[in-house]
Amino acid sequence: MFYGAVVWDPLLIVAQIVCLQCLYYLTLGLFVSILVGTRVSRMSLVYFFDYATVTVSTITGWCVILSFLLTAFAGSVYMLYLVERAKKCLDFSATLYIIHIFKCIIYGGWPASITWWVVNGTGIAVMALLGEYLCIRRELREIPITRYRASKNFDLS
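Set out below in structure tokens:
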């Protein structure tokens with residue numbers, strides 16, 4: 130895709146959002162299973178969508194918080210490859226977290242924990258800012274231009 134040409138492709142945008150959302154929850158599942166799965170007897174979606182599990186009062190709660198923050202770091206790397214544009218990183222990360230908030234509201238009600246809001250606010254900031262930083266670094270890389278010289282023994286006949 131050329132960066133100068135602005136083309137509005139809603140199908141591409143929806144596909145990017147779906148891919149980013151799927152990768153986010155796969156990564157969150159991986160981190161939750163590694164960090165929380167070793168501490169609890171039974172895993173469930175409660176660690177994904179219930180605000181009561183995001184707490185600083187238990188070790189398991191800290192593991193859930195760490196899982197969400199590590200997933201935000203991974204999400205910024207995903208945006209580097211899926212979104213590829215620095216100016217779109219905030220839009221995609223905000224969309225991801227807005228969808229996550231709606232899923233949390235459907236699953237467990239309105240998040241009443243200030244810790245939940247701080248963790249998710251930090252997650253969106255990390256994902257957007259680190260994603261923008263990574264995309265800017267890629268956009269500002271020099272384009273390698275190699276010169277191909279004809280060989281002296283090159284014969285056109």
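With positions in the sequence shown counted from 1, the corresponding number in this note's numbering is that position plus 129.
Where a beta carbon is used, it is the ideal one built from N, C-alpha and C, also for glycine.
Since this is a predicted model, take the numbers as computed values, not measurements.
Taking a C-beta distance under 7 Å as the contact criterion, Tyr180 and Ser222 do not qualify as a contact pair. Only residues of its own chain outside the window of five on either side were considered, and among them Gly260, Leu263, Cys264, Arg267 have a CB closer than 7 Å to the CB of Leu209, listed in chain order.
Within the model, the alpha-carbon separation for Ile227 versus Arg276 is close to 48 Å.
When only Cα atoms are considered, Ile235 and Ile163 end up about 26 Å apart. For Val165, the CB contacts under 8 Å within the same chain, skipping 5 residues up- and downstream, are Met172, Tyr176, Thr189, Cys192, Val193, Ser196 in chain order. Inclusion of Lys232 and Phe160 in the CB contact set at 7 Å is not warranted, their separation being larger than that value. Distance from the CA of Gly250 to the CA of Asp220, rounded to the nearest whole angstrom, comes to 14 Å. With respect to Cys148, Leu225 sits apart: the two C-beta atoms are not nearer than 7 Å.
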